[in-house]
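The opening residue of the sequence shown carries number 1005 in the numbering used here; numbering runs sequentially from there.
C-beta atoms are modelled at their ideal positions from N, C-alpha and C, and glycine is treated no differently.
Please read the structure below before turning to the comments.
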Amino acid sequence: MLIPKRVKFRRHQRGRMKGYSKGGTEIDFGQYGLQAVESAWITSQQIEAARIAMTRHVKRGGKIWIKIFPHKPVTSKPAETRMGKGKGSPEYWVAVVKPGRIMFELAGVPEEVAREAMRLAANKLPIKCKFVKREEIGGEAREGERNS
């Protein structure tokens, strides 16, 4: 599972998830990607489950990149504990994912295999996702090539 090696502060505030993802919205490494449509906290266990599902489907065929990392600790107090006495201890780690974020990338396999692998990974995640190809996400140069 993914957890940070060192952190400056052990406990974070929860914060709000509003708006769209500022970065990580383009496919950088692979040919195919899994893009978030909703916002949510994705735990390190969910990331690992999705990675295993993809790896088992593509076998030794392709290369997988995980583009999200769980930096945020989520705390909880023990059961049947009275309120007060400080904030609880960190229980697990989450990655804050907003709409538009590319979470996984895949290369080196045919599109049908990649699409099925991403579908299996998306079933392990608590949000709606969509399969994207490198051609679909592009700047002006790629749009200009299509028009001419």
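Beta-bridge annotation (DSSP): S1093 is paired with S1080. For M1021, the three-state secondary structure derived from DSSP is coil. Apart from sequence neighbours up to five positions away, the residues of its chain that approach G1112 with a beta-carbon distance below 7 Å are G1065, G1066 and K1067, ordered along the chain. A distance of 9 Å or more separates the beta carbons of P1094 and V1117. Beta-bridge analysis with DSSP links K1137 to Y1036. Assignment of T1059 by DSSP, reduced to helix, strand and coil, places it in the helix class. Spanning the alpha carbons of I1131 and Q1039 requires a straight line of approximately 10 Å.
Residue range I1106 to A1111 is occupied by the beta strand (DSSP E) that includes L1110. Per DSSP, the continuous beta strand (DSSP E) segment holding K1067 begins and ends at K1067 to I1070. The segment 1048 to 1055 and the segment 1013 to 1029 do not touch, with fewer than 3 CB-CB distances between them shorter than 8 Å.
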